[in-house]
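Residue numbers (our numbering): 1 to 121.
All C-beta atoms in this analysis are idealised placements derived from N, C-alpha and C, irrespective of residue type, glycine included.
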């Protein structure tokens, strides 16, 4: 969860990096073959009729059938696509804003340095 929060904050700190990571995630979503993906349980590929047995800290044991795992995996392109889209849009919006703010700060510093009266002892 911490990584997700850092990814969502990234475009506001470093818009270019957020934009590039978002484009990479979207590229992966669009190039991956989601339809022929076989579901897996614990790193091993499941076949039709298999049941995935997982132990959970909160619920105890969790059993999912092949169809349940396959249905859950169908949500992944939308989740990753949404995350990539958020990163791209927020990076594209904050990048020009950050550049304007930095330019205004440089102008203010240059104006302050030009109008500063040197003191002579």
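Beta-bridge partners of residue i, as assigned by DSSP
i, result
"residue 63", "53"
"residue 45", "40"
Reduced DSSP secondary structure (H/G/I, E/B, other) of residue i
i, result
"residue 6", "helix"
Legend entry - Given 8 angstroms, three or more beta-carbon pairs between the region 32-45 and the region 105-113: no
Inset, instruction - Tell me, please, whether the region 64-77 touches the region 85-95 by the rule of three or more beta-carbon pairs shorter than 8 angstroms. - result: The way I'd put it, the region 64-77 doesn't touch the region 85-95; fewer than three beta-carbon pairs between them come closer than 8 angstroms.
Legend entry - Length at least 3, wholly inside the region 64-119: the beta strand (DSSP E) runs in chain order: none
Inset, instruction - Mind the definition here: the region 23-32 touches the region 79-86 only if three or more C-beta pairs lie below 8 angstroms; say whether that holds. - result: Yes, the region 23-32 touches the region 79-86.
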